[in-house]
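Novice: Using the working numbering, you'd call the opening residue of the sequence shown number 2 and step up by one each time. Just so you know, even glycine gets a beta-carbon here, dropped at the ideal spot from N, CA and C. Note that the coordinates shown come from a computational prediction; the quantities given were computed from them, not determined experimentally.
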Amino acid sequence: MGTSTGDRYECVVAGADILGEVPMWCDRTRLLWWVDVRRAALQSYDPATGRHMARRVAEGMLIGSMAMRRDGGFLLATNSGFYTYDPDANEPPRPLFNPEPDLPGNRLNDGRCDRRGRFWVGSMVDAERIPGGKLYCLEPDLRCRTILEGIVVPNSIAWSPDDRTMYFADTHRQLIWAFDYDPDDGVVTRQRVFKDWSHQKGRPDGAAIDEDGCLWTAMVASGQVIRHTPDGEVDRVIQLPVSNPTCPAFGGDNLDIMFVTSHSQRLGDQLSREPLAGGLFAIHTGCRGLPEPRFAG
2 MGTSTGDRYE CVVAGADILG EVPMWCDRTR LLWWVDVRRA ALQSYDPATG RHMARRVAEG
62 MLIGSMAMRR DGGFLLATNS GFYTYDPDAN EPPRPLFNPE PDLPGNRLND GRCDRRGRFW
122 VGSMVDAERI PGGKLYCLEP DLRCRTILEG IVVPNSIAWS PDDRTMYFAD THRQLIWAFD
182 YDPDDGVVTR QRVFKDWSHQ KGRPDGAAID EDGCLWTAMV ASGQVIRHTP DGEVDRVIQL
242 PVSNPTCPAF GGDNLDIMFV TSHSQRLGDQ LSREPLAGGL FAIHTGCRGL PEPRFAG
């Protein structure tokens, strides 16, 4: 264990995910859940026993993100739209609808629920880094609103503890934005740059908020997890032994363990020097997170 800042970390699942993403803590099962996007694998980790399970959901499916549902099971955001899925039902995912049926080269990527049960998710062109994606808000009644257009790689969806600020990043542009957020009607206004990383090595990927309102961001290509204060200043830097951490989430019974996914894709010869690439990490930061909201639909 160790980091450049004194925080303790360990690799709790050396799973070699191709593209591990969107970890989330379930307070009902006391499990951490996440996906390997490229393998269509839904995974779980039990901190009490160390047990790791992986379920192949569907052949050819790319699960960009997911949300736990209030009624049980998961909402999946994929390369062919939205699905519901219950890993205990021994049934295939049930399709809901595809917001981009005319764009077969697009897929849904990072997504999170707000505390009113809406699911916010971005789309992207999978094979190229061009601005062909959008940011959507999926309401519990399955109305799907387009919020932003011209997105390259959507990530870092998160909300401040008081629900008045929403964060969103375009990883390719190396920008994190902040918006004023109205939790009653799910409207964002006053878009502004929260943090510009365009002159740095790392690129902002997934994010999580702690109870103090600080934004923790996985910086892909730099091996770091960064904490931003609410005014955008960096006050913590955690260095991991992999180049590509992808997303943090707070978990454990007290929400005081930060779990971080990572990826191993496109590393080439560097992969031999990063044996833990694609692993799931647990970091003891001394901070606590907030409960993961569930989709109300």
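CA-CA distance, Leu-387 and Cys-248?
Specialist: The structure shown does not extend to residue 387, since the chain is modelled only from 2 through 298, so no value can be given for it.
Novice: Decide if the segment 92-100 is in contact with the segment 35-54; the criterion is three or more beta carbon pairs, one per stretch, under 8 Å apart.
Specialist: No, they do not touch.
Novice: Asp-89 to Arg-70, Cα distance in whole Å?
Specialist: The alpha-carbon atoms of Asp-89 and Arg-70 are separated by roughly 14 Å.
Novice: If the criterion is Cβ atoms closer than 8 Å, does the pair Cys-288 and Asp-163 meet it?
Specialist: No, the pair does not count as a contact, with Cβ atoms beyond the cut-off.
Novice: DSSP state of Gly-269, grouped into three classes?
Specialist: Helix at Gly-269.
Novice: Whole-angstrom Cβ separation of Leu-136 and Tyr-168, contact assumed at under 8 Å?
Specialist: Leu-136 to Tyr-168, Cβ: 12 Å. No contact.
Novice: Out of curiosity, what's the CA-to-CA distance linking Gln-175 and Thr-286?
Specialist: Spanning the two alpha carbons is a distance of roughly 25 Å.
Novice: By Cβ distance, which residues of its chain are closer than 7 Å to Asp-87, with the 5 residues on each side in sequence left out?
Specialist: So the qualifying residues of the chain are Gly-73 and Gly-74.
Novice: If contacts are defined as beta-carbon pairs under 8 Å, then Val-221 and Arg-204 qualify, I think. What distance do you get, rounded to the angstrom?
Specialist: Contact holds; Cβ gap of about 5 Å.
Novice: Distance, Cα to Cα, Gln-1 vs Ser-244?
Specialist: No statement about residue 1 is possible, as the shown extent of the chain runs from 2 to 298 and does not include it.
Novice: State the start and end residues of the unbroken beta strand (DSSP E) segment that holds Pro-155.
Specialist: Per DSSP, Pro-155 belongs to the beta strand (DSSP E) from 155-160.
Novice: Since Trp-35 contacts Glu-293 with CB under 8 Å, what's their CB separation in whole angstroms?
Specialist: 12 Å between Cβ atoms; not a contact.
Novice: For Asn-107, which option in Arg-56, Arg-40 and Arg-130 has the closest C-alpha, if you only look at C-alpha atoms?
Specialist: Of Arg-56, Arg-40 and Arg-130, the residue nearest in Cα terms is Arg-130.
Novice: Enumerate in chain order the residues of its own chain whose CB-to-CB distance from Ala-78 is below 6 Å, with the five nearest sequence positions on each side excluded.
Specialist: Answer for Ala-78: Gly-65, Ser-66, Leu-109, Gly-112 and Val-122, listed in chain order.
Novice: For a quick check, are the C-beta atoms of Asp-37 and Leu-20 less than 8 Å apart?
Specialist: Their beta carbons are under 8 Å apart, which means Asp-37 touches Leu-20 by this criterion.
Novice: Helix, strand or coil for Arg-204, going by three-state DSSP, please let me know.
Specialist: Reduced to three states, the DSSP call for Arg-204 is strand.
Novice: Can you check whether the CB of Gly-16 is closer than 8 Å to the CB of Leu-281?
Specialist: Closer than 8 Å, so yes.
Novice: Looking only at its chain, what residues have a beta carbon closer than 7 Å to the beta carbon of Arg-56, apart from the 5 residues adjacent to it on each side?
Specialist: Only Ala-42, Leu-43 and Pro-88 meet the Cβ criterion.
Novice: Please state the DSSP three-state secondary structure of Leu-188.
Specialist: Residue identity check: residue 188 is Val in the sequence provided, not Leu. Looking at Val-188 - three-state DSSP - the assignment turns out to be strand.
Novice: Please go through the same chain and pick out, in chain order, the residues whose beta-carbon is closer than 6 Å to the beta-carbon of Asn-80, but skip the five residues on each side of it.
Specialist: Result list for Asn-80: Leu-63 and Arg-108, in chain order.
Novice: Name the two residues that bound the continuous beta strand (DSSP E) containing Gln-44.
Specialist: Run containing Gln-44: 42-46, per the beta strand (DSSP E) assignment.
Novice: Buried or exposed for Leu-256, going by 16 or more other Cβ atoms inside 10 Å?
Specialist: With 16 or more Cβ atoms within 10 Å of its Cβ, Leu-256 is classed as buried.
Novice: Thr-218 to Glu-92, Cα distance in whole Å?
Specialist: Cα to Cα, Thr-218 sits roughly 35 Å from Glu-92.
Novice: Could you tell me the boundaries of the beta strand (DSSP E) in which Ser-124 lies?
Specialist: Segment 120-126, the beta strand (DSSP E) holding Ser-124.
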